[in-house]
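K.L.:
Numbering (this note's numbering), first residue to last: 14 to 69.
The following block contains the structure, expressed as structure tokens.
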Amino acid sequence: MMGPLDETKISPSNTTTVPRPVRNLLELEVGDVVQWHIDDEEILVRKKVDDGVTGE
């Protein structure tokens with residue numbers, strides 16, 4: 014597993030910014046959807062990709 018790329022804070026409205034290194038690695042663009050997965054005490058963020066069947 015890769016080490017930390019960056020860190021962000023949670024704002025008072027419970028939002029955060031996806032750091033540029035993460036956006037670049039995942040090739041994220043405005044309007045893309047990310048999925049949040051929790052495994053034990055770790056959080057994994059993945060870019061949601063179109064499955065070609067449901068359009069999601």
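All C-beta atoms, glycine included, are put in the ideal place defined by N, C-alpha and C.
With which residues is residue 57 paired in a DSSP beta bridge?
P.N.:
Here the question's residue 57 lines up with position 44 in the sequence shown. Its beta-bridge partners are 50.
K.L.:
What's the gap between the Cα of residue 55 and the Cα of residue 30?
P.N.:
Against the sequence shown, residue 55 aligns to sequence position 42. Against the sequence shown, residue 30 aligns to sequence position 17. Approximately 18 Å, taken between the alpha carbons.
K.L.:
Select from 57, 47, 28 and 61 the residue whose C-alpha is nearest the C-alpha of residue 16.
P.N.:
As a working mapping, residue 16 is identified with position 3 in the sequence shown. Here the closest residue by C-alpha is 57.
K.L.:
Below 8 Å on the Cβ atoms is my contact criterion, and I expect residue 32 with residue 18 to pass it. Report the Cβ-Cβ distance as a whole number of Å.
P.N.:
Within the sequence shown, numbered from 1, the residue matching residue 32 stands at position 19. Within the sequence shown, numbered from 1, the residue matching residue 18 stands at position 5. Sure, about 6 Å apart at Cβ, within 8 Å.
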